[in-house]
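All remarks here apply to the structure that follows.
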Amino acid sequence: MAFTEKLLSVHSPIQVGDRRVKRYHVTADPAGIAPEVQRAAYAFLHRLLPETDDGTPTAAFTVLHQGADGGVYLNAYSWVWDNVLHFGGGAAAQPALDCPDLDPTRFIRLDRSWIGCVWELPPIGHEREAWVRHVLVPDRPDLDGYLADSLPEGSTGHRTAV
Numbered sequence: 615m616a617f618t619e620k621l622l623s624v625h626s627p628i629q630v631g632d633r634r635v636k637r638y639h640v641t642a643d644p645a646g647i648a649p650e651v652q653r654a655a656y657a658f659l660h661r662l663l664p665e666t667d668d669g670t671p672t673a674a675f676t677v678l679h680q681g682a683d684g685g686v687y688l689n690a691y692s693w694v695w696d697n698v699l700h701f702g703g704g705a706a707a708q709p710a711l712d713c714p715d716l717d718p719t720r721f722i723r724l725d726r727s728w729i730g731c732v733w734e735l736p737p738i739g740h741e742r743e744a745w746v747r748h749v750l751v752p753d754r755p756d757l758d759g760y761l762a763d764s765l766p767e768g769s770t771g772h773r774t775a776v
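Count along the sequence shown from 1, then add 614; that gives the number in this note's numbering.
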């Protein structure tokens, strides 16, 4: 099996309910993910976020990934219980995951323990370090600093110094 890294792009944070959400996109297509797919994914996102808890800054990050076969995956990672990462997953246009059709804008919630594929995992390591650096280490959490600290755009195989 041939393996090729994909392209990672970073998009401005959005507000979803009480949470401020950082956004990463992954695709092999240099044109990126179609705007209508993005709109559908972010309209669905609230279904993947947990209830907020007292004391934890209300932040999350997502990885929206469109595969070469047209399947679209929305991974939502939310900070809860101060230092725990909650996962919620959605998919569209992927029959193998019980999506009802090949419409890349019709998302369903996944009920699996999977947290992401090899192209979706790189942001997790960076986000862990950013959460520690901006929220857990300072005397007062710096949520704006956390939201401004994203993995650099480029290849999903890009390595960052921490």
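A virtual CB, placed ideally from N, CA and C, is assigned to each residue, including glycine.
| Query | Result |
| --- | --- |
| Do you know whose CA, among R653, D696, D632, lies nearest L688's CA? | R653 |
| Do you know offhand how far W745's Cα is from L662's? | 20 Å |
| Are the region 720-729 and the region 665-681 touching by the rule of at least three beta carbon pairs closer than 8 Å? | no |
| Quick check on DSSP: helix, strand or coil for F701? | strand |
| On the CB-based measure, 16 or more other CB atoms within 10 Å of its CB, does W693 come out buried or exposed? | buried |
| Can you look up F617 in the DSSP assignment and give me helix, strand or coil? | coil |
| Among residues of its own chain, excluding the 5 on either side of I647, which ones have a beta-carbon nearer than 7 Å to its beta-carbon? | H639, T641, L678, Q680 |
| Of all the options S769, G771, T770, A762, which has the alpha carbon lying nearest to the alpha carbon of H625? | A762 |
| Helix, strand or coil for A710 per DSSP? | helix |
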